[in-house]
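Residue numbers (the working numbering): -9 to 163.
Cβ coordinates follow ideal geometry from the N, Cα and C atoms, glycine included.
Please read all numbers here as calculations on a predicted model, not as lab measurements.
Structure record follows, encoded as structure tokens.
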Amino acid sequence: MITTVDSNLAKYDLENSLDSSRRDPGLDHQIARIDGSDRAAPLDRQTLKAISQNTSPDFAALFLIKQLLSNPRNLKFQTNYLAETKRIKSDLQRNDWSEIARPALRRYEVLFVPGFHYLTNRSAGADFANQRQFFHELGVRVQLIKTEEDGTVEENAAIIAATIRTRATPRSS
């Protein structure tokens, strides 16, 4: 995996979430302390803000992901999504995709909301280029919502809401 994160703690946590080879007792203790104290806290803005301020935004994001995937329903959904994505990609490569399914998928449109610095740092994947290409290959219409990459939550929420409203209006055929 090639990626960048904003702190050594986030880097260590990410690397060790993949191979579990814990090598730094100090960082392990810090992660365990945060997991222990914040696991019971509500998974809300205040908790994530506190973790972010005490560690880093990327570590807080990893904490959020781990918390979400610790819920068996979320983990099952993610596992099923990844398996289905793999199956569809395999079918596309073998050209086994049903000609019945493609026209049906053309009725759909998926809106992607980009992440932080999606324009200035395309290597981070915050523009969902791979996912948008995948859906496009399936025949699904895709749109990347043009948010302010350094905008406030409120500004971008207004942009997202306005985009959804324009897409939700019935189109004449």
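Practice item. Go ahead and label I21 buried or exposed: buried means 16 or more other beta carbons lie within 10 angstroms of its beta carbon, across all protein chains shown. Key: Burial call: buried.
Point to revise | Closest by C-alpha distance to T142, when choosing among G129, T153, G105, F53 | key: When each option's Cα is compared against that of T142, the closest is G105.
Check your understanding: Would DSSP call L109 helix, strand or coil?
Key -> Assigned with DSSP and collapsed to three states, L109 falls in coil, not helix or strand.
Check your understanding: Quick one: Cα of S80 to Cα of P32, how far?
Key -> Distance between the alpha carbons of S80 and P32 is about 40 Å.
Review point. Is it right to say S163 is buried, meaning 16 or more other beta carbons lie within 10 angstroms of its own, or is it exposed?
Key: Caution is warranted here: a pLDDT of 46 is assigned to S163, below 50, making its placement in the model unreliable, and no coordinate value can be reported.
Review point. How many whole angstroms separate the CB atoms of L128 and D117, which I take to be in contact at a CB cut-off of 8 Å?
Key: Contact between L128 and D117 fails: their C-beta atoms lie close to 19 Å from each other, not under 8 Å.
Check your understanding: What did DSSP end up calling L52 once you bin it into helix, strand or coil?
Key -> It is helical.
Exercise for review: Mark Y108 as exposed unless 16 or more other C-beta atoms lie within 10 angstroms of its C-beta, in which case mark it buried.
Suggested key: So Y108 counts as buried.
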